[in-house]
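Undergrad:
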Amino acid sequence: MSTTSGVSNTDIYSALGLTAPNSDTTKKKDTLDQADFMRLMTEQLQHQDPLKPMDNTQMVAQMAQLSQVQGITDLNTTVKGFQEAMAGDQVLRGAALVGHEVLVPSTQWQLESEGDTTGMVAAPGAGFVNVDVTDANGVKVAQISVEAKAAGEVTFDWDGKDASGNRLDPGKYTLTATHTDTSGTQTKLSTYVEAPVESVTVGSDGLYLNLKGLGTAPLDYVLRVS
93 MSTTSGVSNT DIYSALGLTA PNSDTTKKKD TLDQADFMRL MTEQLQHQDP LKPMDNTQMV
153 AQMAQLSQVQ GITDLNTTVK GFQEAMAGDQ VLRGAALVGH EVLVPSTQWQ LESEGDTTGM
213 VAAPGAGFVN VDVTDANGVK VAQISVEAKA AGEVTFDWDG KDASGNRLDP GKYTLTATHT
273 DTSGTQTKLS TYVEAPVESV TVGSDGLYLN LKGLGTAPLD YVLRVS
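Under our numbering, think of the first position of the sequence shown as 93, with each following residue one higher.
1. Between the C-alpha atoms of residue 316 and residue 223, what's the straight-line distance to the nearest angstrom?
2. Determine whether the beta carbon atoms of residue 213 and residue 269 lie at a separation below 8 Å.
3. Looking only at its chain, what residues have a beta carbon closer than 8 Å to the beta carbon of residue 244, apart from the 5 residues adjacent to it on each side?
4. Could you spell out where the beta strand (DSSP E) holding residue 258 opens and where it closes?
5. With which residues is residue 284 paired in a DSSP beta bridge?
6. In its own chain, which residues sit with a C-beta less than 8 Å from the C-beta of residue 116, not counting the 5 before and 5 after it?
7. Using DSSP's beta-bridge definition, name the partner residues of residue 298.
8. If you run the structure through DSSP and keep just helix, strand and coil, what is residue 187?
9. Hey, would you say residue 274 sits closer than 8 Å to residue 218, going by beta carbons?
10. Report yes if the CB atom of residue 186 is closer than 8 Å to the CB atom of residue 301, and no otherwise.
11. Since I believe residue 294 is in contact with residue 194 (beta carbons under 8 Å), could you give me their beta-carbon distance rounded to a whole number of angstroms?
12. Residues in its own chain within less than 7 Å of residue 310 by CB, not counting five upstream and five downstream?
13. So what's residue 128 in DSSP terms, helix, strand or just coil?
14. Under a three-way DSSP split, which group does residue 203 fall into?
15. Within the same chain, show all residues whose beta-carbon is closer than 6 Å to that of residue 118, passing over the 5 residues directly before and after it, in chain order.
16. Excluding five sequence neighbours on each side, which residues of the same chain lie with their C-beta closer than 8 Å to the C-beta of residue 220?
17. My output table needs one value for residue 315: the three-state DSSP class, helix, strand or coil.
18. Who are the Cβ neighbours of residue 200 in its own chain at under 6 Å, not counting the five residues just before and after it?
19. Could you tell me which residues DSSP puts in a beta bridge with residue 309?
20. Look up residue 241 in the DSSP assignment and give the residues it is bridged to.
21. With respect to the beta strand (DSSP E) encompassing residue 221, which residues constitute its N-terminal and C-terminal limits?
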């Protein structure tokens, strides 16, 4: 008798020439468990042909299969427990970030009615980093220039004002950063911005942070918490 997880009880009873339990009085299961396996093996031994008894090799193979099925069931239970524990841990980690500011990769930042906004780039070497700020219409409203003394992190701030010193309206603005080295070679850079965490969302593929003015970002995107 060869059975695998996923085979219905009715099919196996039929193959052995037995009558399946009445579905009206017994709840039908979609898969076999260890008790079902042992009952079927006992039934097979009772109904075997006396002139052609089950061979020992087949019996051993069936016992090994029973052990394998039970082992898979136990493993699935253990893995499910790990998954639930990890999900709970992620929620706690995310909740601890609410109210803090995080640094995440983004080409946009949110300007509030007052205060500065902060961003960061990774400079490839010494030179100057220029950050162009454009509004929702694609119009350049400001440019920020910061010296990079060496390769590494370069932080920049924007006071929310245009070139004439006028405070701009709150909203989303787009960043475009370039690095110019000592020989005049320009390189486009990825930008990172700071944003406050308002809440967290548990998704099917992990934890997401809801950032003020930026939307959602996976927890793995966080480079720094402040």
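By construction, the Cβ of each residue, glycine as well, lies at the ideal position given by its N, Cα and C atoms.
TA: Taking the geometry as given:
1. 21 Å
2. yes
3. 214, 215
4. Residue 258 -> no beta strand (DSSP E), and no H or E assigned at all.
5. 197, 212
6. A caution first: residue 116 carries a pLDDT of 48, below 50, which makes its placement in the model too unreliable to give a value.
7. 295
8. helix
9. yes
10. yes
11. About 17 Å; that fails the 8 Å criterion.
12. 298, 300
13. helix
14. strand
15. Below a pLDDT of 50, predicted positions are generally treated as unreliable, and residue 118, at 48, falls in that range; no measurement from the model is reported.
16. 237, 238, 239, 240, 271, 272
17. coil
18. 264, 266
19. 301
20. Partner(s): none; residue 241 has no beta bridge.
21. 219-226
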